[in-house]
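So for the sequence shown, my numbering puts the first residue at 11; every next one is plus one.
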Amino acid sequence: MLTDYRKVALVVVPLLVAAALIEHEGVAIALSALGLTLALAALAATLWTRRSR
């Protein structure tokens, strides 16, 4: 399970960092939303698979 979180972090953290560094507000908000959506989806998938075992 720890590797799942590492994989998610490898995708989500750069998105959030890029969102913080980009000055265009619309793009930054879109990247933040995408990163957070991916993180929530990964968490939900992890919980779902853990529950079904």
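Ideal Cβ positions, reconstructed from N, Cα and C, are used throughout, including at glycine.
Here the structure is a predicted model, which is why all the values come from computation and not from measurement.
| query | result |
| --- | --- |
| Val-23 versus Gly-36: straight-line alpha-carbon distance, rounded | 18 Å |
| Whole-angstrom C-beta distance between Ala-38 and Ala-29, which should lie under 8 Å | 4 Å |
| 8 Å contact criterion, which Lys-45 and Leu-25 should meet: CB distance rounded | Here the sequence assigns Gly to residue 45, which means Lys is not the residue at that position. Rounded, the Cβ-Cβ distance is 4 Å, consistent with contact. |
| Secondary structure of Glu-33, DSSP reduced to three states | coil |
| Same chain only: Cβ atoms within 8 Å of Ile-32, ignoring 5 sequence neighbours per side | Ala-38, Leu-41 |
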